[in-house]
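Colleague: There's a structure below that I have some questions on.
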Amino acid sequence: MKNKTIILVLLALLMIPAAAFSDTGLGAAFTYGVSDDDNNTGGALSINTPAIPGTVQNLRLAFKEDYFSFSITDDWWVVQENLTGLLDLYIGIGFFGSLTMDTSGDDTETNFGLGARVPVGLTIMPSDFLEIFMEVAPAMGLGFEPEIYFPAWYVQGALGLRVWF
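Residue numbering for the sequence shown follows the working numbering, beginning at 3 and increasing consecutively.
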């Protein structure tokens, strides 16, 4: 439990410098991921900042008794359209990197993933400082377990909120 707390605190500290920019959205999300050989959920820190215009970064952690997963995504929203009232749609392109470790068997299985993704999502801003979002992102890339394999297929997604500073 101590290691999990230390990792979460370190991730939060990594996000603080980005919050120094004005008009920054910082938040949390419930995330899910499904791949050829894995199905996991976890929590993510999410940042949306104009420091890199049109991009959204997420740092994701998933823990189970004998399982650990860490991933980073960085997306550029290519299409941003208002659907109706407070509801907006976005479609983007991005990349991901992931590391998973499974110790449930006799040996520890480690897998790395690296690839591209296409996030499609909805956002609602009920106030000037609160954003609620939901996205799904089909993704494809390389897997390393321990040999390289291609293609590695993924479906990634998130449901969460960001507070704007």
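The beta carbon of each residue, even a glycine, is placed where N, CA and C say it ideally should be.
Since this is a predicted model, take the numbers as computed values, not measurements.
Can you give the Cα-Cα distance for K88 and L124, rounded to whole angstroms?
Modeller: The question names Lys, but residue 88 is Leu in the sequence shown. C-alpha separation (whole angstroms): 10 Å.
Colleague: What are the boundary residues of the beta strand (DSSP E) that includes L101?
Modeller: 89-104
Colleague: Roughly how many angstroms lie between the CA atoms of E137 and E67, to the nearest whole one?
Modeller: 27 Å
Colleague: For my contact list, A2 and Y156 are in at a C-beta cut-off of 8 Å; report their separation, rounded to the angstrom.
Modeller: Because the chain here runs from 3 to 167, residue 2 falls outside it and cannot be looked at.
Colleague: Here's the rule: buried if 16 or more other CB atoms are within 10 angstroms of the residue's CB, otherwise exposed. What is D108?
Modeller: exposed
Colleague: Which residue's Cα is closest to the Cα of S95: F146, T105, G117?
Modeller: At residue 95 the sequence reads Ile, which differs from the Ser that was named. Comparing Cα-Cα distances from I95 to each of F146, T105, G117, the minimum goes to G117.
Colleague: Pull up the distance between the alpha-carbon of V81 and that of L163, whole angstroms please.
Modeller: Going from the Cα of V81 to the Cα of L163 covers about 20 Å.
Colleague: With a 10 Å radius around its C-beta and 16 neighbouring C-beta atoms as the bar for buried, classify E133 as buried or exposed.
Modeller: buried
Colleague: Quick one: Cα of L28 to Cα of D76, how far?
Modeller: 14 Å
Colleague: Is V80 helix, strand or coil by DSSP?
Modeller: Three-state result, V80: strand.
Colleague: Taking Cβ to Cβ, would you say F98 is nearer than 8 Å to R119?
Modeller: yes
Colleague: Measuring CB to CB, does Y176 end up less than 8 Å from W79?
Modeller: The displayed coordinates of the chain run from 3 to 167. Any statement about residue 176 would go beyond what the structure contains.
Colleague: Say the cut is 7 Å; is the CB of A64 nearer than that to a heavy atom of the ligand GTP?
Modeller: As presented, the structure is devoid of all ligands, the ligand GTP included, so that no description of it is given.
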